[in-house]
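The sequence shown begins at 15 in this note's numbering and counts up one residue at a time.
Glycine is no exception: its CB is placed at the ideal position from the N, C-alpha and C atoms.
Presented below is the structure to which this report refers.
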Amino acid sequence: MADPAETEDLWRLMLQHSPIGMAVVQLDGRLLMVNRALCEMLGYAEDELVQHGFQDLTHPDDLDADLALFHRALAGEIDSYRIRKRYLDAQGRVVWGDLSVAVLRDADGDALHFISQVLDVTEQRANEERLEAVTAEVDRERQTLAAIFDTVNVGLLLIGPDGRYERMNRRHADTLRRPFPDGHEGEAGQLGHVYFPDGKTKMTREQMPSYRAAQGEEFDDYNYWVGADPATWSAFSTSARQVRGPSGERLGAVLAYQEITDLMRAIQVKDEFVASVSHELRTPLTSVLGHLEMLGERDDLTDGATAWLRVVHRNAARLQALLSDLLLIGQVADGTLELHPAPVDLRTVVDEAVEAVRVVADQSDVTIRTEAPATLPVVADGQRLRQVLDNLLSNAIKYGRAGGSATVGLRQVGADVELAVADTGMGIAEQDREHVFGRFFRGGEAIRQHLPGTGLGLSIVASIVEAHGGTVTVESELGRGSTFRVALPGAIVEQH
């Protein structure tokens, strides 16, 4: 049988050397015994700490809860309790403790002492507070984003990596019924009443914005019409961005849908008006030019009258060229631009275009150079490609500098053709480059220098090139010149 004295010494050693703060508390709350860990935790020497009761060591805001449990244990309602509370150390600083208390009773069940264990959780509590603050901030951000998500006047759609719709806002859900009156299955690429801007061509699955985004594409301003009845169609402009994880893995895509019905209808009205006016003016203008030519053939005119007729004829011809441009733009807008591809020597087209602007180039002191093979047979609409060259060369001279040059480059790249017109003129400002192929757009520098123009030339170039299945791009540096590159895929005629 163990010696009671040895047992008491063993318990005393365990109490003193425990890494957890421990104390024997009297029934009035005063500390009877304390161990080294508790002294270090609260910053007191042992003889100082036992002069205190737990009441004056407890933070005032936590004392009532601690006392309530203490008295319940003292009354025999509970044998133990656990509470997390704040202590005040010797310097008055807050120390968080996880307190476990058990009642030590005699054989008759009367309380003798309280055994307390206190684990210092100050650092843990600080971490918890930081985590709570971060969680609260994340929750606020989530709620803010959710509010924005559902209140913005733009349809928003989140597509998962498998092409399934994961989330959409109220705006998109409301507009989804227009192209899909029979409902949507929630999968990218579902076909509906969705048409290209020409209002005639229906989109295929591969052309649907949701399908393109689900395949990893990113794009801006993808415009189209939706609806079963053209009289009540709506127009949308859609942009897409990919969602990626920390390692760059694709997690899905986000699409934004902006309704542009009023804008598209306004453009339609404008295009119809321009086309109508152009057609109406073309006939009388043709008559005017015809009579001017007849007048010019008369031999009874004075030199002054002949000079006046030349001025009138020159301006009427300029007006006819403008009307032709407007008619072509109208054909592009309504999808009626026709090409008549046939075998043609592109080198010949280049030479004719260069020769046509030679006089104007000489007057502007701009040297025209050609870098091209002796012959380059292609299948294309030679007349339309001549329009492309005429516009590019006209711009190279108009925006060129005296003593500068314009170079027409032509080369074969496999089965493709690359046509380039480079100049040493004023160049295009960076903010203007993405707009240069838009209808009626004129750069800031051209406007500041009061250079004449309608802003249709490059739009016509882009339309003709795109009708050939090609692309046109621009490289430019303000003050140093520009290079326009036209790529025509698969245009080469095989030589036998």
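- Fewer than three pairs of CB atoms, one per stretch, sit closer than 8 Å, so the segment 480-496 makes no contact with the segment 369-380.
- Here Q105 has G57 as same chain residues with Cβ atoms under 7 Å from its own Cβ, once five neighbours each way along the sequence are excluded.
- Spanning the alpha carbons of A476 and G213 requires a straight line of approximately 20 Å.
- The beta-bridge partner set that DSSP reports for R178 consists of E201.
- Secondary-structure assignment with DSSP links P357 through a beta bridge to V393.
- In this structure, the straight-line span from the alpha carbon of G169 to that of F163 is close to 9 Å.
- By a beta-carbon distance limit of 8 Å, V380 contacts G418. Their separation comes to about 5 Å.
- Boundaries of the beta strand (DSSP E) harbouring V109: V108 to R119, taken from the DSSP string.
- When the beta-carbon positions are compared, H198 and Y271 stay at least 8 Å from each other.
- Comparing alpha carbon positions, the residue from L46, I411, G396 and E54 closest to G441 is I411.
- The three-state reading of DSSP puts S32 in coil, since its state is none of H, G, I, E or B.
- DSSP places F163 in the uninterrupted alpha helix (DSSP H) bounded by T136 to T165.
- Judged by DSSP in its simplified three-state form, Q256 adopts strand.
- S224 sits buried, since 16 or more C-beta atoms from the chains shown fall within 10 Å of its C-beta.
- Distance from A254 to A227 at the Cβ level is roughly 4 Å; contact confirmed, criterion being Cβ atoms closer than 8 Å.
- For a cut-off of 8 Å, the C-beta gap from L407 to V435 is around 6 Å, short enough to register as a contact.
- The Cβ-Cβ distance between L145 and V268 does not fall below 8 Å.
- DSSP assignment within the segment 45-80 yields the following whole beta strand (DSSP E) runs of 3 residues or more, N-terminal first: 45-48.
- In the DSSP assignment, D430 falls within the unbroken beta strand (DSSP E) covering D430 to D437.
- Where I478 is concerned, the enclosing alpha helix (DSSP H) starts and stops at G471 to A481.
- Judged by DSSP secondary structure, S224 falls within the alpha helix (DSSP H) whose first and last residues are P223 to A228.
- Under DSSP, E91 takes part in no beta bridge, so it has no partner.
- Cβ-Cβ distances below 6 Å link Q131 to I34, M36 and S114 in the same chain, with the five nearest sequence neighbours on each side left out; the list follows chain order.
- Note that the C-beta distance between F68 and L88 is not below 8 Å.
- Secondary structure in the segment 374-424: the alpha helix (DSSP H) runs of 4 residues or longer, each lying completely within the stretch, are 396-412 in chain order.
- Shortest Cα-Cα distance from G123 to any of A242, G90, H449 and Q221 involves G90.
- Here the alpha carbon of R312 sits roughly 57 Å from the alpha carbon of K216.
- Taking all protein chains shown into account, F233 has fewer than 16 neighbouring C-beta atoms within 10 Å of its C-beta and is therefore exposed.
- If you draw a straight line from the Cα of C53 to the Cα of Q40, it comes to about 17 Å.
- V240 places its beta carbon less than 8 Å from that of H207.
- In the three-state DSSP reduction, N329 falls in the helix class (H, G or I).
- Going by C-alpha positions, Y236 is about 11 Å away from Y209.
- The C-beta distance from G504 to A429 rounds to 5 Å, short enough to fall under 8 Å.
- The criterion of a C-beta distance shorter than 8 Å is not satisfied by R181 and E201.
- Between D134 and M55, the beta carbon gap of about 5 Å places them in contact (Cβ cut-off 8 Å).
- DSSP links N183 through a beta bridge to no other residue.
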